[in-house]
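In the working numbering, the protein residues as written are 92 to 155.
Laid out in structure tokens, this is it:
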């Protein structure tokens, strides 16, 4: 996915933006905890999404 497509898909979504020498980071935090989040990495040299990481830390573990 190209960076332009990502930014269009993120319209209306609250996210944090950070950057390093090689990457731009888009972080979308969950409504209840910053441990629940989606991180999207875009390579600066290609303007293409390199990775998408989803993290989920539930308050309680399911009982089996």
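Glycine included, C-beta positions come from ideal geometry on N, C-alpha and C.
Proximity of the segment 130 to 150 to the segment 106 to 116 meets the contact definition, three or more beta-carbon pairs being nearer than 8 Å. In this structure, DSSP gives residue 107 an extended state, which the three-state scheme calls strand. Rounded to whole angstroms, the gap between the alpha carbons of residue 143 and residue 95 is 16 Å. Residues of the same chain with a CB within less than 6 Å of the CB of residue 120, apart from the 5 flanking positions on each side, are 128 in chain order.
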